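Here is the structure we will look at.
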Amino acid sequence: MTFPNFSFSWEQRRKLTGMLFVAPTVLFVAIFFIIPLAMTLFMSFHDWPLIGEQAWIGTSNYTELAKDRQYLKSLDFTFRYTLLVTPPIFILGFILASLVRHNIRFIGVFRTIFFLPVVIGLGVSSLLWVWMLDQRVGIFNKILLDLHLIQKPQLFLAKPTTAMNVIILSVVWKTVGFTMILLLAGLQSIPDELYESADVDGAGYFRKLFYITLPLMRRTIALALILSVIGSVLAFDQFYIITRGGPRNSTISIVYWIFNNSFTYWKMGYGAAISIVLLGILVTLSSIQYYVLRERY
Amino acid sequence: MTATPLRDQATGFGGLTQQQRRLIRRRALLYLKYFVLTVLAILFLFPIVWSLLNSLKRPSEALAVPPTYLPTEIVFENYTQLTAFGNYGVVGHVENSAIVALITVAGSLVLSTLGGYGFARFNFPGKNVLFITVLSTLMIPFQSILIPLFVMLVRFELNDTLIGLALVYITFQLPFGIFLMRNSFLAVPQEIEEAALLDGCSSLSLLYRMMLRLVLPGIVTVAIYAFINSWNEFLAALIFMSNQDKFTLPVFLTLVRSGIYGTVDWGALQAGVIVAIFPCLVVFLLLQRYYINGLIGGAVNN
Numbered sequence: 000m001t002f003p004n005f006s007f008s009w010e011q012r013r014k015l016t017g018m019l020f021v022a023p024t025v026l027f028v029a030i031f032f033i034i035p036l037a038m039t040l041f042m043s044f045h046d047w048p049l050i051g052e053q054a055w056i057g058t059s060n061y062t063e064l065a066k067d068r069q070y071l072k073s074l075d076f077t078f079r080y081t082l083l084v085t086p087p088i089f090i091l092g093f094i095l096a097s098l099v100r101h102n103i104r105f106i107g108v109f110r111t112i113f114f115l116p117v118v119i120g121l122g123v124s125s126l127l128w129v130w131m132l133d134q135r136v137g138i139f140n141k142i143l144l145d146l147h148l149i150q151k152p153q154l155f156l157a158k159p160t161t162a163m164n165v166i167i168l169s170v171v172w173k174t175v176g177f178t179m180i181l182l183l184a185g186l187q188s189i190p191d192e193l194y195e196s197a198d199v200d201g202a203g204y205f206r207k208l209f210y211i212t213l214p215l216m217r218r219t220i221a222l223a224l225i226l227s228v229i230g231s232v233l234a235f236d237q238f239y240i241i242t243r244g245g246p247r248n249s250t251i252s253i254v255y256w257i258f259n260n261s262f263t264y265w266k267m268g269y270g271a272a273i274s275i276v277l278l279g280i281l282v283t284l285s286s287i288q289y290y291v292l293r294e295r296y
Numbered sequence: 000m001t002a003t004p005l006r007d008q009a010t011g012f013g014g015l016t017q018q019q020r021r022l023i024r025r026r027a028l029l030y031l032k033y034f035v036l037t038v039l040a041i042l043f044l045f046p047i048v049w050s051l052l053n054s055l056k057r058p059s060e061a062l063a064v065p066p067t068y069l070p071t072e073i074v075f076e077n078y079t080q081l082t083a084f085g086n087y088g089v090v091g092h093v094e095n096s097a098i099v100a101l102i103t104v105a106g107s108l109v110l111s112t113l114g115g116y117g118f119a120r121f122n123f124p125g126k127n128v129l130f131i132t133v134l135s136t137l138m139i140p141f142q143s144i145l146i147p148l149f150v151m152l153v154r155f156e157l158n159d160t161l162i163g164l165a166l167v168y169i170t171f172q173l174p175f176g177i178f179l180m181r182n183s184f185l186a187v188p189q190e191i192e193e194a195a196l197l198d199g200c201s202s203l204s205l206l207y208r209m210m211l212r213l214v215l216p217g218i219v220t221v222a223i224y225a226f227i228n229s230w231n232e233f234l235a236a237l238i239f240m241s242n243q244d245k246f247t248l249p250v251f252l253t254l255v256r257s258g259i260y261g262t263v264d265w266g267a268l269q270a271g272v273i274v275a276i277f278p279c280l281v282v283f284l285l286l287q288r289y290y291i292n293g294l295i296g297g298a299v300n301n
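If you want it as structure tokens, here you go:
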């Protein structure tokens with residue numbers, strides 16, 4: 000107010016100030032989000048190499064998708080991976096949340112330990128796991144050999160099924176703490192009195208679980224499941240680092256296939272078309288999330 | 000149930016009332032719980048501890064087949080070896096990651112604070128639409144807009160620059176940051192500001208002099224997320240940087256892993272993993288409360 004401007008009223012100046020405050024954010028979101036979003040759609044109708052002319056090719060990229068066997072394989076793989084990784088994350092997350100639910104002594108330490116892997120990057124944790132899984136220097140083979148559970152070192156990453164299993168193991172370790180914290184917040188919002196009166200009625204653990212805990216946590220459970228599903232559909236780092244898409248291209252996720260097309264083969268128009276498909280899947284998932292979560296109101 | 004005491008005497012539980020037995024049962028369950036928790040905690044810590052132990056082995060021991068369980072002697076040679084990889088070693092890449100993280104933290108803080116304040120305290124046409132637009136970007140995965148982002152960065156000659164990567168990271172942080180800071184400002188009683196405004200304080204100096212202190216928890220939370228997310232991000236960093244000297248730490252480590260500098264040096268790789276994990280663990284352990292509150296607030300409320 001060092002330079003009072005009398006041509007504006009107080010309200011007008013407040014409006015202007017407010018706009019100025021949000022302007023940088025709006026500018027960033029517009030430049031680095033809205034425009035790229037529109038461009039993804041635009042590019043998907045083009046033949047768009049890194050160097051050279053872009054050419055409008057209509058829906059050719061999309062019709063090509065139907066013929067792209069690796070694309071279909073990647074879609075299938077991503078969904079299979081999502082279906083396989085979500086239950087263990089959720090179940091272990093729920094068990095952990097139940098274990099650390101009450102404020103008994105040292106419980107904070109345990110909560111922290113279970114959560115620690117969440118703050119490690121997925122890329123870095125994948126580098127850690129690929130080494131633990133190595134057939135020569137890896138600790139898993141060493142332990143299994145010493146326990147006489149296997150006779151010779153295993154190539155965990157050489158077979159599609161074992162590769163999938165060990166990746167799931169690594170991802171569960173890395174992400175289960177997140178689900179645990181969400182479910183813990185949900186558990187702790189259930190009033191203790193409900194359990195006390197159930198105790199008086201002589202209800203056992205499972206009755207309380209199915210009649211009190213799970214119904215009252217519906218929203219939290221839906222949220223934890225959907226966030227975990229979304230994360231799995233977008234998986235890339237673990238397959239790029241641990242299996243490098245192998246064995247025999249069996250672990251190329253949908254984001255991986257976008258990456259390969261756009262930044263290895265430089266077919267960026269085609270990559271954009273797959274991105275649009277991915278976008279459709281994610282918007283659908285988010286809509287389901289929105290629908291399920293608003294239901295209670 | 001009247002027969003219970005008799006049966007108890009027969010099975011050797013004589014002399015204990017029902018209450019005492021319940022107490023014993025509860026105790027036993029508690030010990031069992033601690034036992035299970037401890038086993039799980041060891042399993043969860045194992046990969047990190049194992050990586051740390053190996054990074055401290057002699058380089059030759061770190062490559063031993065089969066591996067040894069514990070280092071025969073503790074040395075830092077793997078760490079010093081890591082400094083010799085690439086054109087300017089791990090230090091340069093830690094520096095890259097740190098610069099990107101720093102710009103991301105600073106940028107996210109400035110934008111989220113200004114924007115959050117604007118959305119919380121001012122009324123202007125189009126406000127709600129803008130706010131919802133910013134938040135709805137959360138629904139769209141950044142993975143699906145990486146191609147045009149890459150094309151744009153190349154066009155503006157920002158690819159292969161740390162600032163270009165940081166600008167993208169800042170944008171990814173904005174929905175969460177704006178959401179959180181708006182809520183923080185809304186929680187501050189409006190009377191405090193009105194008094195200051197009547198005293199002739201400008202909006203910006205009001206924000207700077209008074210409000211920042213009141214929304215400090217929000218600021219800390221936004222900063223932690225901006226730091227951890229940008230430090231850890233892999234895919235965008237992999238795509239936007241083609242000049243190896245500009246690689247952030249995680250991308251650089253994949254080069255070490257793929258043996259581009261000769262045979263895969265597992266000891267050095269684990270040293271790198273520890274270097275990459277360390278800042279996140281420290282930040283998290285020191286500021287855990289803010290991180291968890293941010294997670295719950297951000298996830299449950301949007």
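So the sequence lines, in the order shown, correspond to chains A and B.
Residue numbering for the first sequence follows numbering that gives the first Met the number 0, starting at 0 and increasing by one per position.
Residue numbering for the second sequence follows numbering that gives the first Met the number 0, starting at 0 and increasing by one per position.
Heads up, the beta-carbon is just placed ideally off N, CA and C, and yes, glycines get one too.
In this text, all values refer to a predicted model and were calculated from it rather than measured experimentally.
Pro23 (chain A): contacting residues in chain B (beta-carbon distance under 8 Å)
As a position in the first sequence, residue 23 (chain A) is number 24, starting the count at 1. Proximity of chain B to Pro23 (chain A) at the Cβ level (cut-off 8 Å) is accounted for by Val109, Leu110, Leu113 and Gly114, in chain order.
Proximal chain B residues relative to Val129 (chain A), where beta-carbon distance stays under 8 Å
Taking the first residue of the first sequence as position 1, residue 129 (chain A) is located at position 130. By Cβ distance, chain B contributes Arg256.
In chain order, which continuous runs of the alpha helix (DSSP H) of length 4 or greater are located wholly inside the segment 238 to 295 of chain A?
Counting only runs of 4 or more, we get 253 to 262 and 267 to 293.
Could you pull out every unbroken alpha helix (DSSP H) segment of at least 4 residues lying fully inside the segment 55 to 95 of chain A, listed in chain order?
Fully enclosed alpha helix (DSSP H) runs of 4 or longer: 59 to 66.
Exposure label - His101 (chain A); buried when at least 16 CB within 10 Å:
Counting from 1 along the first sequence, the entry for residue 101 (chain A) is found at position 102. Classification of His101 (chain A): exposed, given that the 10 Å Cβ count is below 16.
Quickly, what does DSSP pair Asp46 (chain A) with across the bridge? List them, please.
Taking the first sequence and counting its residues from 1, one reaches residue 46 (chain A) at position 47. A:Ala54, per the DSSP bridge assignment.
Report yes or no: is there a C-beta of chain A within less than 7 Å of the C-beta of Gln19 (chain B)?
The sequence position of residue 19 (chain B) within the second sequence is 20, counting from 1. The Cβ of Gln19 (chain B) sits no closer than 7 Å to any Cβ of chain A.
Just confirm the distance between the C-beta atoms of Leu26 (chain A) and Ala272 (chain A), as a whole number of angstroms; I'd bet it's less than 8 Å.
Reading the first sequence from its first residue, position 27 is the one you call residue 26 (chain A). Reading the first sequence from its first residue, position 273 is the one you call residue 272 (chain A). Not quite, the Cβ-Cβ distance comes to about 29 Å (not below 8 Å), so this is no contact.
May I have a chain-ordered list of the beta strand (DSSP E) segments no shorter than 3 residues that lie completely inside the segment 9 to 44 of chain B?
With a minimum length of 3 residues, no continuous beta strand (DSSP E) run stays inside the segment 9 to 44 of chain B.
Compute the distance between the beta-carbons of Val108 (chain A) and Phe283 (chain B), then report whether it is under 7 Å.
Position 109 of the first sequence, counted from the start, is the residue given in the question as residue 108 (chain A). Position 284 of the second sequence, counted from the start, is the residue given in the question as residue 283 (chain B). No, the pair does not count as a contact, with Cβ atoms beyond the cut-off.
Just the Cα atoms here: how many angstroms apart are Ala37 (chain A) and Phe105 (chain A)?
The residue labelled residue 37 (chain A) in the question sits at position 38 within the first sequence. The residue labelled residue 105 (chain A) in the question sits at position 106 within the first sequence. The straight-line gap from Cα to Cα measures roughly 51 Å.
Just tell me which of B:Phe43, B:Glu190 and B:Ala61 has its CA closest to the CA of Gln269 (chain B).
In the second sequence, residue 269 (chain B) corresponds to position 270, counting from 1. Distance from the Cα of Gln269 (chain B) is smallest, within the candidate group B:Phe43, B:Glu190 and B:Ala61, for B:Ala61.
Helix, strand or coil at Ser196 (chain A) [DSSP, three-state]
As a working note, residue 196 (chain A) is residue 197 in the first sequence. Residue state, collapsed to three classes: helix.
Which stretch, first to last residue, makes up the alpha helix (DSSP H) that contains His346 (chain A)?
There is simply no residue 346 (chain A) to check, as chain A begins at 0 and stops at 296 in what is shown.
Would you mind telling me which residues of chain A sit closer than 7 Å to Ser202 (chain B), beta carbon to beta carbon, in chain order?
Here the question's residue 202 (chain B) lines up with position 203 in the second sequence. Within chain A, the residues near Ser202 (chain B) are Thr16.
Entirely enclosed alpha helix (DSSP H) segments - the segment 60 to 106 of chain B, minimum 4 residues
Runs found: 76 to 81.
In the segment 30 to 60 of chain A, which residues sit with their C-beta less than 7 Å from some C-beta in chain B, listed in chain order?
Listed by position along the chain: Phe31, Phe32, Pro35, Leu36, Met38, Thr39 and Met42.
Roughly how many angstroms separate the alpha carbons of Val35 (chain B) and Ala195 (chain B), rounded to a whole number?
Along the second sequence, one-based indexing puts residue 35 (chain B) at 36. Along the second sequence, one-based indexing puts residue 195 (chain B) at 196. Distance between Val35 (chain B) and Ala195 (chain B), taken at the CA atoms: about 56 Å.
Looking at the structure shown, is Met163 (chain A) part of a helix, part of a strand, or coil, going by DSSP?
Here residue 163 (chain A) is taken as the residue at index 164 of the first sequence, counted from 1. Of the three classes helix, strand and coil, the one that applies to Met163 (chain A) here is helix, per DSSP.
Answer yes or no: does any C-beta atom of chain B fall closer than 7 Å to that of Lys266 (chain A)?
What you label residue 266 (chain A) is simply residue 267 of the first sequence in a count that begins at 1. Taking Cβ atoms only, chain B never reaches closer than 7 Å to Lys266 (chain A), which makes this a no.
CB contact below 7 Å: Pro147 (chain B) versus chain A
The residue you call residue 147 (chain B) lines up with position 148 of the second sequence. Yes, Pro147 (chain B) counts as interfacial toward chain A.
Can you tell me the Cα-Cα spacing of Leu101 (chain B) and Pro214 (chain A), whole angstroms?
Locating residue 101 (chain B) in the second sequence gives position 102, counting from the first residue. Locating residue 214 (chain A) in the first sequence gives position 215, counting from the first residue. Straight-line Cα distance between these residues: approximately 44 Å.
The alpha helix (DSSP H) that contains Ser183 (chain B), what's its start and end?
In the second sequence, the residue the question calls residue 183 (chain B) occupies position 184. Element bounds for Ser183 (chain B): Leu161 to Leu185.
Locate the alpha helix (DSSP H) running through Leu254 (chain B), then write down its first and last residues.
As a first step, residue 254 (chain B) is located in the second sequence; it is residue number 255 there, counting from the start. For Leu254 (chain B), the enclosing alpha helix (DSSP H) covers residues Leu248 to Arg256.
Using 7 Å as the limit for Cβ to Cβ distance, is Phe76 (chain A) near chain B?
Locating residue 76 (chain A) in the first sequence gives position 77, where the first residue counts as 1. Interface with chain B (7 Å Cβ-Cβ cutoff): Phe76 (chain A) is excluded.
Rank B:Gln19, B:Ala275 and B:Leu206 by C-alpha distance to the C-alpha of Gly17 (chain A) and give the top, closest one.
Indexing the first sequence from 1 puts residue 17 (chain A) at position 18. When only C-alpha atoms are compared, the closest one is B:Leu206.
Relative to the C-alpha of Ile189 (chain A), which residue among A:Tyr210, A:Ile240 and A:Thr160 is closest?
Taking the first residue of the first sequence as position 1, residue 189 (chain A) is located at position 190. Relative to Ile189 (chain A), the option among A:Tyr210, A:Ile240 and A:Thr160 whose CA is nearest is A:Tyr210.
Look at the Cβ atom of Met240 (chain B), then the Cβ atom of Phe233 (chain B), and state whether they are nearer than 7 Å.
To locate residue 240 (chain B), count along the second sequence from 1; it is residue 241. To locate residue 233 (chain B), count along the second sequence from 1; it is residue 234. Cβ distance not < 7 Å, so Met240 (chain B) and Phe233 (chain B) don't count as in contact.
Against chain B, does Ser188 (chain A) count as a neighbour if the rule is that its beta carbon must be under 7 Å from one of theirs?
Position 189 of the first sequence, counted from the start, is the residue given in the question as residue 188 (chain A). Not an interface residue.
Determine the direct distance from the alpha carbon of Thr111 (chain A) to that of Thr136 (chain B), and round the result to whole angstroms.
For this step, residue 136 (chain B) is matched to residue 137 along the second sequence. For this step, residue 111 (chain A) is matched to residue 112 along the first sequence. Taking the straight line from one Cα to the other gives about 30 Å.
Ala162 (chain A) versus Asn259 (chain A) - alpha carbon distance:
Residue numbering aside, residue 162 (chain A) sits at position 163 when the first sequence is read from its first letter. Residue numbering aside, residue 259 (chain A) sits at position 260 when the first sequence is read from its first letter. Using only the alpha carbons, I get a separation of about 20 Å.
Taking the alpha-carbon of Phe113 (chain A) as reference, which of B:Pro46, B:Ala40, B:Val255 and B:Pro278 has the nearest alpha-carbon?
To locate residue 113 (chain A), count along the first sequence from 1; it is residue 114. Of the listed residues, the one whose Cα sits closest to Phe113 (chain A) is B:Ala40.
Enumerate in chain order the residues of its own chain whose CB-to-CB distance from Gln53 (chain A) is below 7 Å, with the five nearest sequence positions on each side excluded.
The sequence position of residue 53 (chain A) within the first sequence is 54, counting from 1. Taking C-beta separations shorter than 7 Å and ignoring five residues to either side along the sequence, the partners of Gln53 (chain A) in its chain run His45, Asp46 and Trp47, following chain order.
Please confirm whether Ala271 (chain A) has its beta-carbon closer than 7 Å to some beta-carbon of chain B.
To locate residue 271 (chain A), count along the first sequence from 1; it is residue 272. At least one CB atom of chain B sits nearer than 7 Å to the CB of Ala271 (chain A).
So, using beta-carbon positions, are Leu110 (chain B) and Pro23 (chain A) closer together than 7 Å?
Here residue 110 (chain B) refers to the residue found at position 111 when the second sequence is read from its first residue. Here residue 23 (chain A) refers to the residue found at position 24 when the first sequence is read from its first residue. Their beta carbons are under 7 Å apart, which means Leu110 (chain B) touches Pro23 (chain A) by this criterion.
Rounded to the nearest angstrom, how far is the Cβ of Ile225 (chain A) from that of Leu281 (chain A), given a contact under 8 Å?
In the first sequence, residue 225 (chain A) corresponds to position 226, counting from 1. In the first sequence, residue 281 (chain A) corresponds to position 282, counting from 1. Taking a contact as a CB-CB distance under 8 Å, the pair Ile225 (chain A) and Leu281 (chain A) does not count as one, their CB atoms being some 11 Å apart.
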